[in-house]
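Note sheet for the following structure.
In the UniProt record's numbering, the protein residues as written are 1 to 246.
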């Protein structure tokens, strides 16, 4: 018999999930459903949602894909915080109380935990998230030093889960704000030594709905499942705009 105390695991336990539902064809407004399920020490919130959908209520709707914290599909609010359901272990939560699961804020809810990601991706497209070089036909690989790569390495980690953007109060109240994720991805290319369109991106983000709408409250940094220093990246883009103006 394996000693679960030695492995950091725990045996079977019951947990209640209280999930905000929205089924527009039957209900005009959101409502709540609760289920109590038996889970195990290594199970995550995503596993509990799977168990509910597969064994108790097949109508429960949510996005998921890789289930390994890479695709970003299963971002949602768990106990009031934006998280990836596949990364949150049930044993790390207070299972003596119901676990509250809601869709991300600030994006239109389509059904249950699924939100319309189009406004998010529209902002992402507007910052031109691809390498733009004046050297259209390079004759060799575009080399970078270790230092040049390190300059923007942190912001290459973004998986476009929208957890940071949907945690931003400015984004909740201003549908035109680019949001943290778009700025993070712009940062990636602005500071990439191989890219020649940094000035263009700085001009885009100098708009009234760009970086200057950020209020530096660090919600975005706290929400990022990849540990990106989002607020720092936004500040660096602000500084780059000021330097460019000079």
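Ideal placement from N, C-alpha and C gives every residue a C-beta, glycine not left out.
CA nearest to the CA of residue i, picked from the options
i, options, result
"residue 111", "208, 22 and 227", "22"
"residue 131", "88, 173 and 186", "186"
"residue 20", "101, 123 and 59", "101"
"residue 247", "221, 207 and 219", "There is no way to answer for residue 247, as the model of the chain reaches only from 1 to 246."
"residue 121", "178, 81, 113 and 67", "178"
"residue 244", "200, 150, 217 and 223", "200"
"residue 26", "69, 218 and 59", "59"
Distance CB(residue i)-CB(residue j) smaller than 7 angstroms
i, j, result
"residue 87", "residue 225", "yes"
"residue 166", "residue 105", "yes"
"residue 163", "residue 85", "no"
"residue 213", "residue 170", "yes"
"residue 48", "residue 89", "no"
"residue 134", "residue 196", "yes"
Cβ-based neighbour list, residue i, same chain, cut-off 6 angstroms, excluding 5 preceding and 5 following
i, result
"residue 14", "36 and 38"
"residue 160", "72"
"residue 198", "190"
"residue 108", "116"
"residue 1", "Since pLDDT at residue 1 reaches only 37, below the 50 mark, its modelled position is unreliable, and the value read off the structure follows with that caveat. Excluding positions up to five away in sequence, the list is empty."
"residue 7", "Confidence at residue 7 is low in this model, with a pLDDT of 41, below 50, so its placement is unreliable and no value can be given for it."
"residue 43", "90"
Beta-carbon proximity list for residue i, same chain, < 7 angstroms, skipping 5 on both sides
i, result
"residue 79", "93, 99 and 100"
"residue 180", "164, 165, 168, 220, 230 and 234"
"residue 249", "Outside the shown range of the chain, which is 1 to 246, sits residue 249, and nothing can be said about it."
Same chain, Cβ closer than 8 angstroms to residue i, five either side skipped, listed in chain order
i, result
"residue 237", "183, 186, 187, 190, 202, 205 and 211"
"residue 57", "33 and 35"
Quiz item: Is there contact here, the stretch 184-201 with the stretch 147-157, by at least three beta-carbon pairs under 8 angstroms?
Solution: Enough Cβ pairs lie closer than 8 angstroms, so yes.
Practice problem: Would you list, in sequence order, the uninterrupted alpha helix (DSSP H) runs of no fewer than 4 residues that lie entirely inside the stretch 64-151? | Solution: 118-126 and 146-150
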